[in-house]
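These notes are about the structure you will find just below.
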Amino acid sequence: MDGDSLTRMGLTLGLLLGLPGLMLVLMRRFGVRLPGQPSAAARLAVVSRLAVDNKHSLVLIRRDSHEQLILLGPAGATLLEADAQRSAAEREEEERQQVEREEQVAASRAALKTVLQRLRTGSASEAPPPQPQRPSFPSLVEGARPPALRRHLDRAA
Numbered sequence: 237m238d239g240d241s242l243t244r245m246g247l248t249l250g251l252l253l254g255l256p257g258l259m260l261v262l263m264r265r266f267g268v269r270l271p272g273q274p275s276a277a278a279r280l281a282v283v284s285r286l287a288v289d290n291k292h293s294l295v296l297i298r299r300d301s302h303e304q305l306i307l308l309g310p311a312g313a314t315l316l317e318a319d320a321q322r323s324a325a326e327r328e329e330e331e332r333q334q335v336e337r338e339e340q341v342a343a344s345r346a347a348l349k350t351v352l353q354r355l356r357t358g359s360a361s362e363a364p365p366p367q368p369q370r371p372s373f374p375s376l377v378e379g380a381r382p383p384a385l386r387r388h389l390d391r392a393a
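Position in the sequence shown (first residue = 1) + 236 = this note's numbering.
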């Protein structure tokens with residue numbers, strides 16, 4: 237092995253190891269999701285899975301607001317129930333949670349927008365932060381003094 241073949245082998249090895257790494261970096265940079273990674277707005281979820289026997293299992297899948305009951309086996313998948321019934325309370329709870337999430341996102345966006353506007357205009361540095369007001373309880377403070385201290389303060393006054 238001479239120096240030329242060692243150099244070629246090193247460059248080939250670097251190319252073979254560098255290309256997958258470069259592809260991964262580019263995929264992350266441009267937001268390409270890899271299989272198996274959950275998305276932010278997942279519309280599909282496996283609610284539950286039940287093994288019937290060694291070869292068959294029942295799967296309850298939720299897509300948006302619909303649920304499907306599917307039997308999986310060696311012959312394939314069979315749709316048993318197209319829209320499995322959920323109770324009205326479950327649907328209302330899910331809708332309420334969705335509305336709460338949307339409200340939280342909207343409130344967060346509004347707060348972020350005001351902070352960004354303040355930072356852009358420079359008004360955040362001009363206005364001093366509000367100072368908390370301390371409550372004063374002179375009657376409680378006077379009553380909390382021990383009697384000997386009260387007598388001493390009365391003589392000094």
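Beta carbons: idealized from backbone N, C-alpha and C, even for Gly.
Quick caveat: nothing in here was measured; it's all calculated off a predicted structure.
Sub-8 Å separation of residue i and residue j beta-carbons
i: alanine 313; j: arginine 298; result: no
i: serine 284; j: leucine 308; result: no
i: serine 301; j: arginine 327; result: yes
i: isoleucine 306; j: valine 295; result: yes
Close beta carbons around residue i, own chain, < 7 Å, minus the five adjacent residues each side
i: alanine 318; result: Gln304
i: leucine 286; result: Ser293 and Leu294
Close-in-space but distant-in-sequence residues of the same chain around residue i (CB under 8 Å, 5 per side omitted)
i: lysine 291; result: Gly309 and Pro310
i: alanine 346; result: none
| request: Mind listing, in chain order, the continuous beta strand (DSSP E) runs of no fewer than 3 residues lying wholly within the region 263-344? | output: For the region 263-344, whole beta strand (DSSP E) runs of length 3 or above, ordered along the chain, are 280-287, 293-299, 302-309 and 312-317.
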